[in-house]
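As structure tokens, the structure follows; a few thoughts come after it.
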Amino acid sequence: MKILGIETSCDETAAAVVLRDNDGRGEILSNIVLSQIEEHAAFGGVVPEIAARAHLLALDNVVQAALDDSITALDDIDAIAVTAGPGLIGGVMVGLMTAKALSATTGKPLIAINHLEGHALTPRLTDQVEFPYLLLLVSGGHTQLLEVRGLGDYKRLATTIDDALGEAFDKTAKLLSLPYPGGPSVEKAAQAGDETRFQFPRPLKGQDRLDFSFSGLKTAVRQEATKLQPLSDKDIADICASFQKAVCDVLQDRIERIMRAENNGPAAIKSLVVAGGVAANQQIRTVLQSCAKEGGWDFFAPPLALCTDNAAMIAWAGAEHFSRGHTDGLDVAARPRWPLDETSPAQVGFGKRGTKV
Ligand code: KG4
Ligand code: ZN
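Letter by letter, the sequence shown follows residues 20 to 376 in the working numbering.
The following block contains the structure:
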């Protein structure tokens, strides 16, 4: 089957065509991502209204480019998969309405996809990872550890009680006047830095609960940066390296504790997967890989271009659902908040992008 995917939940206007064969293997036939970085750079972050308008202007052409690149006519598409949430609601509505219009005019089935599920299932597209697996989902809006037991069957083990990890990277970059988007800027600056110069906190490390908290780490960065004014390039590099080291220590602590529990239990899960924009960070990938190796687990991380937002992951999630007969009606609603595990309660804390789930 060939699935057209559409993604507009944040600041990338994206469309892709993905093929799924009868053995369940996927192939990306096209993957167009139009970044809005330039539109938002002056504001140091994503402005929702600007994002929605930019999606509206660009999406038709991006969809056409994805069809052209895959040498597929709209008629030869089997179904249309689209992000229906969670995300910035104006952008989500632009993508969803476009997909509904395409579905209504062509008669092709519509599949409403949870953006987080797109990230969560990406390793099944790239590496044919089998269920179940442990997923560390780290993006601009989410930081979660999930047991991925099967399609649509997710158990949340941990979430952040305040900022998402991507948000912590973005805010750290902003404090240090590094360019937007913050994650890649902090990673680049950290390469030349001394990670032992500052002892930033490792929030909730070693405590019973598995949840994350990053706002204290961000405050510690701000206090250090304020003390050192004016900041030299070396100060900035050292702060970034020490920040990234603290983040890696926290992630390692949680993963090791879960792996220890799993290894002492029924041992169903033996694969660790990282996904979401922050999974593009090389130091984080390296730390997770060595955790997995220590515990005798397999480790999977999507290629960098499939870590950050894209529509190939939405098309693939659509293919997984469509192959099981799942489709949605044209009345399906856009959802600003849409947890993967609807049974776990939202956490009390709020980050910039709303309640953490
Ligand atoms: O998944 P994503 O593209 O969008 C959301 O769904 O949020 O993730 C974007 C986040 C941003 O916060 C960005 O700063 C972060 O991922 N990010 C990184 C890196 N590349 C992107 N964080 C750390 N290191 C990176 N190399
Ligand atoms: Zn994302």
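Each residue gets a CB set at the ideal place from its N, CA and C atoms; glycine is no exception.
Treat the numbers as computed from the prediction; the structure is a model and nothing was measured.
- Contact check for P67 and L115: beta-carbon distance about 15 Å, past the 8 Å limit, so the pair fails to qualify.
- A residue is called buried once 16 or more other Cβ atoms fall within 10 Å of its Cβ, and S309, having fewer, is exposed.
- Taking the Cα positions, E339 is about 12 Å away from P142.
- Close CB contacts of P322 within its chain, under the 7 Å cut and outside five residues either way in sequence, are with T145 (chain order).
- Exclusion of S204 from the 6 Å shell around ligand 2 follows from its C-beta lying no nearer than that to any non-hydrogen atom of the ligand.
- L291 has its alpha-carbon roughly 6 Å from the corresponding atom of D317.
- Contact between V293 and V157 is confirmed by a C-beta separation of about 7 Å, below the 8 Å threshold.
- According to DSSP, residue pairing for E31 in a beta bridge involves S54.
- Assigned with DSSP and collapsed to three states, F341 falls in helix.
- Its Cα nearest to that of G104, the residue I132 stands out among D172, F319, L197, I132.
- Per DSSP, the continuous beta strand (DSSP E) segment holding K21 begins and ends at 21 to 26.
- At a threshold of 6 Å, S158 counts as near ligand 1, since its beta carbon sits closer than that to one of the ligand's heavy atoms.
- Here K174 is bridged, per DSSP, to E166.
- For G64, the shortest C-beta to heavy atom distance toward ligand 1 is 6 Å or greater.
- When C-alpha distances from L307 are compared across A330, I277, F219, the shortest belongs to I277.
- Per the Cβ contact rule, the region 323 to 342 is in contact with the region 27 to 43 (3 or more Cβ pairs under 8 Å).
- At least one heavy atom of ligand 1 falls within 6 Å of the beta-carbon of N300.
- Secondary-structure assignment with DSSP links R39 through a beta bridge to G45.
- No heavy atom of ligand 1 is found nearer than 6 Å to the CB of F217.
- Secondary structure of S234 (DSSP, three-state): helix.
- Cβ contact annotation for S342 (same chain, cutoff 8 Å, sequence separation greater than five): M20, R39, G43, in chain order.
- S122: member of the alpha helix (DSSP H) spanning 108 to 125, first to last residue.
- DSSP, reduced to helix, strand and coil, places V65 outside both helices and strands of the structure shown, so it counts as coil.
- The continuous stretches of alpha helix (DSSP H) do not include V157, which lies in the beta strand (DSSP E) extending over residues 152 to 157.
- Listed as beta-bridge partners of D347 by DSSP are L129.
- Excluding sequence positions up to five before and after A77, its CB lies within less than 6 Å of the CB of T32, L53, all in the same chain and listed in chain order.
- Boundaries of the beta strand (DSSP E) harbouring A100: 98 to 104, taken from the DSSP string.
- Here DSSP, grouped into helix, strand and coil, assigns S290 to strand.
- When the alpha-carbon of G64 is set against those of G159, E26, L48, D87, the nearest one is in G159.
- Secondary structure at T179: strand, using DSSP grouped into helix, strand and coil.
- Checking the 6 Å criterion, the Cβ of D182 is out of range of every heavy atom belonging to ligand 1.
- Listed in chain order, the non-local C-beta contacts of A208 below 7 Å within the same chain comprise L197, I255, A256, C259, local neighbours out to five positions each way being set aside.
- Where F188 is concerned, the enclosing alpha helix (DSSP H) starts and stops at 184 to 194.
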